[in-house]
Structure formats: structure tokens, C-alpha cells
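The sequence shown begins at 1 in UniProt numbering and counts up by one. Beta carbons: idealized from backbone N, C-alpha and C, even for Gly.
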Amino acid sequence: MPAISSHTDLPASPSGTQTRHDRHGRYPRADTVDDFRHNLAVVRERIASACLRVGREPASVRLLPVSKTFDEAHVRLAYAAGCRLLGENKVQEAHRKWEATADLPDLHWSVIGHLQTNKARQVARFADEFQALDSLRVAEELDRRLQAEGRELDVFVQVNTSGEASKYGLQPEDVAAFLHALPAFPALRVRGLMTLALFSAEAARVRACFVLLRELRDRLRQDAPPGIGLNELSMGMSGDFEIAIEEGATVVRVGQAIFGARALPDSYYWPTAETTASA
Ligand SMILES: *Cc1c(COP(=O)(O)O)cnc(C)c1O
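See below:
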């Protein structure tokens with residue numbers, strides 16, 4: 001793990017906030033609109049408390065509910081509870097749900113998982129946001145398809161902050177050059193950076209990933225190319241979003257704490273995710 005092991009001076013946790021990865025896979029399933037309202041309220045409480053600890057406004061954090069693996073009926077319950085933008089990790093699944101909910105034109109979709117070039121056309125057609133941009137080939141193909149559709153797309157550049165070899169995302173040292181290539185793709189509206197932290201119960205190591213992303217963003221912002229926005233930091237999920245907020249997250253992607261535990265293990269989404277979070 002090259003990137004993480006270079007963090008010899010882990011930042012002291014300002015609040016002692018712990019991860020909740022021990023809850024991973026144990027969140028109760030939401031099966032009614034009231035369940036969704038309740039879970040959303042609990043998550044918003046957690047967001048507000050984290051903001052309070054570091055003097056941030058809760059309104060400065062956008063909650064992106066992640067509906068992956070949950071069926072259309074549950075998507076509709078989330079919608080009824082007020083959700084208007086949902087995150088999906090896989091393009092095919094997102095596209096299917098978008099088609100199935102065509103009667104809900106104000107329900108929007110954010111693709112938050114790795115994209116293969118041959119799926120760019122689909123994303124260009126239906127997605128309202130893409131958070132996992134990590135190659136120029138995908139940028140080029142997306143831009144071409146978006147122009148053909150007469151659309152633009154909000155994108156986040158995914159950065160590998162955990163040093164895990166097979167996690168997706170650019171290496172931190174490659175992001176500057178990558179950003180300087182992006183103005184060539186005018187249909188992409190670059191909003192900021194996204195990351196998945198190390199999946200670990202050790203809060204200090206998780207926090208180090210978020211600190212790395214924020215510091216990288218702060219450095220890059222000093223000479224970002226014109227039109228490349230770096231205001232957004234998408235980081236934090238059910239088990240670690242409080243820590244992410246303490247370190248500057250403006251978007252948190254939360255699945256299980258809203259929808260309930262998923263049937264499939266995380267290794268299905270993240271090739272190297274440790275499956276034993278309760279350690
Ligand atoms: C599934 C997923 C999340 C949400 O994870 P939860 O543990 O369900 O909160 C966040 N980001 C990405 C990229 C995901 O695939």
C-alpha cells in the first residue's frame with residue numbers, strides 16, 4: 001500500500017469520531033415510505049452533528065442516497081420520501097431504473113462507479129452526474145456522446161487515496177495533468193474530486209484518505225485550468241461519512257444507512273474491498 005504507508009504522521013482525530021463499519025451489512029431494510037423518512041432523518045442528524053463539530057453549515061453537505069441493488073419499488077419509496085437524485089454504481093442497473101421510472105421526470109441519476117468506454121453512450125443519454133471519471137478515453141467518449149445528445153454532464157474526477165492497487169481512480173500525482181487535459185471536453189462540467197477511503201475500522205487511516213483528497217484539491221485549485229471547478233469533494237459513505245464531513249466533504253454517498261443492508265458483499269462492487277469490516 002504505497003500511498004497510505006507514506007502517511008507516517010497521521011492527523012490526530014479532532015473529535016475521536018469512529019467509523020461505523022461495524023454496522024456494515026446490518027442496517028435494517030427500509031420497506032415503507034416511513035422507514036425511508038426515518039432513515040433519512042437519522043442520516044441528516046448525523047450530518048448535522050458532524051458539521052457542528054467542525055463549524056460547518058449542514059447545508060454545505062449534499063446527501064446523495066445510493067440505491068444500488070434495490071429494486072424499482074424501493075426506488076419509488078425513496079422518491080416518495082423526498083429523494084430526487086439517486087446514486088448507482090453500475091451503468092446497466094442505473095439505466096434500467098431510469099427507464100422504469102420514466103413517469104418520474106424529476107428523479108435524477110448519478111453514476112458513481114467505474115465506467116467502461118463502451119457504456120459512455122448510455123451515461124450520456126440518461127445520467128445527470130458522473131462521479132468516477134478516471135481516464136481520458138472515457139472523458140473523450142463521454143464528451144463526444146454528450147455533444148451528440150446536446151447535453152452536458154457534471155463530473156467528478158475519482159482519485160485513489162487508499163493506495164490499494166486495484167481500487168479505481170487516478171493516482172494523486174497524476175491528477176494535475178489529467179485536469180489540464182479536461183478543457184478539451186466542453187460537455188464535461190468538472191465539479192470536483194471523488195474518492196473511496198480505505199475500508200477499515202481504523203478511523204485514523206480512513207481519515208488520512210479524506211485529508212489526502214482535500215489537500216490535493218487545495219493544491220490543485222491554485223492553478224486549475226479555466227472552467228475546471230474544484231469546489232466539490234465527494235467522499236464518505238454509510239460507515240465513514242462523519243469523518244469525511246469533518247475533513248471537508250461536500251457530497252456524501254450513502255446507501256445502506258438509508259436503504260438498509262445489501263444482499264451482495266462489497267467485493268462485488270470494489271474488487272479488493274475487505275469483507276470483514278467488523279474486525
Ligand atoms: C455503494 C457505494 C457507496 C455507498 O456505500 P454504503 O455503504 O451503502 O453507504 C458509496 N460510494 C460508492 C462508489 C458506492 O459504490
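What number of angstroms, rounded off, separates the C-alpha of MET194 from the C-alpha of SER200? 18 Å
Determine which residues share a DSSP beta bridge with ARG189 and list them. ASP154
Please determine whether the Cβ atom of ILE112 lies at a distance below 7 Å from any heavy atom of ligand 1. yes
Pick out whichever of LEU153, VAL252 and ALA73 has its Cα sitting closest to the Cα of SER234. VAL252
Extent of the continuous beta strand (DSSP E) run through SER234: 232–234
Please tell me whether, using a cut-off of 7 Å, the distance from the CB of LEU104 to the nearest non-hydrogen atom of ligand 1 is below it. no
Tell me whether ALA184 sits in a helix, a strand or coil according to DSSP, three-state version. helix
State the start and end residues of the unbroken beta strand (DSSP E) segment that holds ALA132. 129–133
Provide the residue(s) that pair with LEU86 in DSSP beta bridges, ordered along the chain. TRP109
Which of helix, strand or coil does DSSP assign to THR8? Confidence at THR8 is low in this model, with a pLDDT of 40, below 50, so its placement is unreliable and the value that follows should be read with caution. Note: THR8 maps to coil in three-state DSSP.
Is GLU232 closer than 8 Å to THR156 when the C-beta atoms are compared? The identity of residue 156 in the sequence shown is Phe, whereas the question assumes Thr. Cβ distance < 8 Å, so PHE156 and GLU232 count as in contact.
Assuming the contact rule is C-beta atoms closer than 8 Å, ALA148 and LEU220 should be a hit. Round their C-beta distance to whole Å, please. Wrong, their Cβ atoms sit about 30 Å apart, outside the cutoff.
ALA181 to ASP128, Cα distance in whole Å? 22 Å
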